[in-house]
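With our numbering, the residue at position 365 of the sequence shown is 440, and numbering never jumps.
Structure record follows, encoded as structure tokens.
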Amino acid sequence: MAAQTPHIIIHPSPGMGHLIPLIEFSKRLVQHHSFTITVIIPTDGSSITLQKSTLDSLPTSIDYVFLPPVDFTDLPEGTKMETLVCLTMLRSLPSFKNTMASLVSTKKLVALVVDLFGTDVFDVAKEFNVSPYIYFPSTAMLLSLFLYLPELDRTVSCEYRDLPEPVRIPGCIPVNGKDLLDPVQDRKNEAYKLVLQHAKRYRLADGIIVNSFMDMERGAIKALLDRTEPDKPPVYPVGPLVNMGDGSGSDSDCLKWLDDQPDGSVLFVSFGSGGTLSSNQLNELARGLELSEQRFLWVVRSPNDKAANANYFTVQRQNNPFDFLPKGFLERTKGRGLVVPSWAPQARVLSHRSTGGFLTHCGWNSTLESVVNGLPLIAWPLYAEQKMNAVMLTEDINV
């Protein structure tokens, strides 16, 4: 009987910002190492159309399964996004275990790979004698913080934002407490407790793969590679793994418009799949772009005055974002500016000869795509770890 092909389960946290980097990682495993893969995706009942279209474009050796949606009717309004992400993973455990059991019975399962909020399934992996790994889709700096967080929690009694001195994350530039990732800003909140719980479980992984590289984050990666701590898992920096554009969206209006612009003349403005501006921010940005007389391509979404991550679980909005722009803005900027609703083929835009800069939320996927294409950045962090990324980009790497 022919030997079975080694099979890997990929289990991302909810959200396109988590799915996309794990898909890029999966594509490399298939292309270079001949694994087969099943992506097991938790759901919360929101639309999966965008996720499904992304997954349907993958090689046939990458299969996928959507788990049944979890129920959040017991949670109070205003529950933090990180709490929802962690609870989606936790409440999906029974259906995940059933799916994994089915795969174990038919495949030669060699590894389970989760991302930063997926450690709850490690116990299931051990039960089936499968090696658990973490694919960390953000910075080496944030990974260093996650591994250091239990010690920080033990030694600091106040809120981190109230510390008189910056936090010294191993291998990294000092960071003010107020600039640490959002869910650690309120230590009494459930989101902090869940993030801390995951951080403690990182040491149960057989290895951690981080989407960064030595030339970009030398100090943090050197600290991560230091194995003097006996229970610290090996860390493998494999970045930059980014989507360089596969031809999808090549017939889009924005790419045709870019073709007609001078080289390096256009500022690309986008805040990622989950980022949201308030109404005031949207209007001020429009005013700034208009007064600058700079060529621009702006991916605009409907504003939300309650949360900067309001689009995280609902990427596709019902409202027409153009309705929220200042009156006459589109007419006054026609020709030198193009505004597109909700989505653009970002990888293709960032690699286009006409794109000369990027106004970004500092999500790590977007940051890596910019750096690979040699584009200068204007940092406008919104949520999650984006303030930390902005500090690193402006004060350490200087891009």
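All C-beta atoms in this analysis are idealised placements derived from N, C-alpha and C, irrespective of residue type, glycine included.
Roughly how many angstroms lie between the CA atoms of residue i and residue j, to the nearest whole one?
i	j	result
isoleucine 185	isoleucine 123	Strictly speaking, residue 185 in this sequence is valine, with isoleucine absent from that position. Distance between the alpha carbons of valine 185 and isoleucine 123 is about 28 Å.
alanine 176	threonine 154	32 Å
proline 87	aspartate 398	34 Å
alanine 361	lysine 409	13 Å
aspartate 306	arginine 278	6 Å
leucine 162	glutamine 369	44 Å
valine 446	serine 180	43 Å
aspartate 437	glycine 431	According to the sequence shown, residue 437 is cysteine rather than aspartate. Spanning the two alpha carbons is a distance of roughly 17 Å.
threonine 469	proline 169	43 Å
phenylalanine 171	valine 140	10 Å
methionine 467	asparagine 473	8 Å
leucine 342	asparagine 379	24 Å
glutamate 304	phenylalanine 221	15 Å
serine 213	aspartate 131	25 Å
valine 374	arginine 302	43 Å
arginine 262	proline 239	17 Å
proline 117	leucine 94	11 Å
glycine 449	threonine 442	10 Å
glutamine 247	glycine 347	This sequence places cysteine at residue 247; glutamine is not what is there. Using only the alpha carbons, I get a separation of about 25 Å.
threonine 194	isoleucine 284	14 Å
proline 134	asparagine 440	21 Å
lysine 402	serine 354	13 Å
valine 259	tryptophan 455	20 Å
alanine 419	arginine 103	24 Å
histidine 107	aspartate 190	21 Å
lysine 331	glutamine 356	28 Å
valine 250	threonine 435	20 Å
lysine 127	glutamine 336	33 Å
phenylalanine 433	glutamine 421	11 Å
glutamate 359	asparagine 394	20 Å
arginine 411	aspartate 338	13 Å
Might you give, ordered along the chain, the residues of its own chain that have their beta carbon closer than 7 Å to the beta carbon of residue i, omitting 5 neighbours on each side?
i	result
glutamate 99	Leu316, Val317 and Asn318
threonine 158	Glu265, Ala266 and Leu269
serine 136	Val105, Thr111 and Ile112
arginine 166	Val145
aspartate 471	Ile248
leucine 300	Val310
methionine 475	With the chain covering only 76 through 474, there is no way to say anything about residue 475.
methionine 289	Ile296 and Pro312
What is the DSSP secondary structure of residue i, reduced to helix, strand or coil?
i	result
arginine 370	strand
serine 170	helix
isoleucine 98	helix
alanine 186	strand
leucine 191	coil
valine 559	Examination of residue 559 is not possible in this model, given that the chain is present from 76 through 474 alone.
tyrosine 223	helix
valine 313	coil
aspartate 398	helix
tyrosine 458	coil
glycine 412	strand
aspartate 119	coil
proline 241	coil
threonine 113	strand
glutamine 391	Below a pLDDT of 50, predicted positions are generally treated as unreliable, and glutamine 391, at 48, falls in that range; the measurement from the model is reported next regardless. Coil at glutamine 391, not helix or strand.
methionine 91	helix
threonine 154	coil
phenylalanine 404	helix
glycine 475	Nothing can be reported for residue 475: it is not among the residues displayed for the chain, which extend from 76 to 474.
valine 145	coil
glycine 282	strand
With distances taken between CB atoms, is the gap from residue i to residue j smaller than 8 Å?
i	j	result
serine 219	alanine 295	yes
serine 340	serine 429	yes
phenylalanine 203	asparagine 286	no
alanine 200	proline 245	no
alanine 382	glutamate 292	no
leucine 477	leucine 372	This structure cannot settle anything about residue 477, because the visible part of the chain is limited to 76 through 474.
tyrosine 208	leucine 187	yes
phenylalanine 404	glutamate 365	yes
leucine 457	glycine 363	no
proline 396	arginine 376	yes
proline 536	valine 160	This structure leaves residue 536 out entirely; the chain is present only between 76 and 474.
histidine 482	leucine 333	Nothing about residue 482 can be reported from this structure: the residues present for the chain run from 76 to 474 only.
valine 475	cysteine 329	This structure cannot speak to residue 475, because the chain is shown only from 76 to 474.
Tell me which same chain residues have a C-beta within less than 6 Å of the C-beta of residue i, skipping the five on either side of it?
i	result
glycine 120	Pro144
serine 417	Arg376
I'd like the list of long-range same chain contacts for residue i, defined as Cβ closer than 8 Å, with 5 residues on each side in sequence excluded.
i	result
isoleucine 115	Ile84, Ile85, His86, Tyr139, Val140, Leu142, Phe171, Thr174 and Met175
proline 225	Leu271, Ala274 and Lys275
arginine 407	Glu365
Got a sec: does the ligand FMN put a non-hydrogen atom nearer than 7 Å to the Cβ of residue i?
i	result
glycine 282	Only the bare structure without any ligand can be found here, which leaves the ligand FMN out of the picture.
**OP:** Check whether the region 243-254 touches the region 462-472, taking contact to mean three or more Cβ pairs, one atom from each stretch, closer than 8 Å.
**Re:** yes
Subject >> Cβ pair count under 8 Å reaching 3, the region 291-311 against the region 231-238 >> reply: no
Original post:
If you pair each beta-carbon of the region 143-162 with each one of the region 77-85, do three or more pairs fall below 8 Å?
Top reply: no
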